[in-house]
Every structure is written in structure tokens, then in C-alpha cells.
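> Residue numbers for the sequence shown follow my numbering, beginning at 558 and rising by one. Before we start, here is the structure in question, set down as C-alpha cells.
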Amino acid sequence: MYQNTQALDKSQDIKFTQVSNYHFAAKENFCPVFLQELPQVVREYFICFPNNQTDLPHALLGFQQNTNQYVSEDGSWQAEYIPAYIRRYPFILAKKEDSAQGEKN
């Protein structure tokens with residue numbers, strides 16, 4: 558989902574609009590869950606702890622690879638709560654790569 562990330566600049570005139578079509582997440586079978594949203598997520602999703610670098614719990618969205626049972630044919634989300642990882646798309650937090658040696662982020 559977040560394959561081609563690009564840094565945003567403060568001077569860019571960018572606005573965020575609420576997503577209503579979630580086809581972009583139709584092949585995501587799990588997503589990271591932030592600890593702050595865990596109380597909402599556990600009400601509607603199975604939680605798993607994949608063996609990866611994030612150490613974050615993940616919401617299980619589908620039982621088979623490349624399937625998301627929460628995205629309907631028309632692209633609507635089939636749960637009341639939408640995890641932040643999905644909800645904030647196409648934006649993601651990332652570390653800025655240093656452009657010069659010794660530069661701090």
C-alpha cells in the first residue's frame with residue numbers, strides 16, 4: 558500500500574479529504590495498530606503480533622494472503638472503526654533520510 562512514499566514540504570498546498578473508497582486496501586490482510594487505538598480495534602478485529610521490526614500489534618483483515626474481508630465490492634469499509642494505518646492513507650509517518658552527513662531530523 559505504501560510502496561512509493563515521498564516527503565511533503567511545508568510550502569506545498571496539500572489538503573486532506575476523507576476517503577470513502579477503500580479499494581486501495583483490498584489486498585491488505587493485516588495492518589499495524591497503534592497502542593492508542595487498541596481499545597477500539599479489539600472490538601472488531603482479531604489482533605496478531607507478527608515477527609517483524611515494528612513490535613506493534615496488527616489487526617488481521619483477512620485470513621488469506623492478498624484478501625481484506627473488510628473492503629466490500631463497492632469499496633466501502635465493513636466495520637465501524639477503521640484502523641489509523643488505513644484511515645490516514647496516502648499519508649504515513651517516516652524518518653527523513655539525512656541529505657548531508659551529520660544533519661539531524
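For each residue, glycine too, the CB sits at the ideal point set by N, CA and C. Owing to the predicted nature of the structure, the values given are computational and were not obtained by experimental measurement.
(1) If you reduce the DSSP assignment to three classes, tell me which class Pro596 lands in.
(2) Distance, Cα to Cα, Lys661 vs Asn625?
(3) When DSSP labels each residue in this structure, what does Phe603 get in the three-state scheme?
(4) Name the two residues that bound the continuous beta strand (DSSP E) containing Ala583.
(5) Give me the DSSP bridge partner(s) of Ala616.
Looking at the atomic coordinates:
(1) If you number the sequence shown from 1, residue 596 lands on position 39. Helix at Pro596.
(2) Mapped onto the sequence shown, residue 661 falls at position 104. Mapped onto the sequence shown, residue 625 falls at position 68. Unreliable positioning characterises Lys661 in this predicted model, as indicated by a pLDDT of 48, which lies under 50. A coordinate reading is not provided.
(3) Numbered from 1 along the sequence shown, position 46 holds the residue referred to as residue 603. If DSSP states are grouped into helix, strand and coil, Phe603 belongs with the strands.
(4) Start at 1 with the first residue of the sequence shown, and residue 583 comes out as number 26. It is not in any beta strand (DSSP E) - Ala583 carries neither H nor E in the DSSP assignment.
(5) As a working note, residue 616 is residue 59 in the sequence shown. Per DSSP, Cys588 and Ile604.
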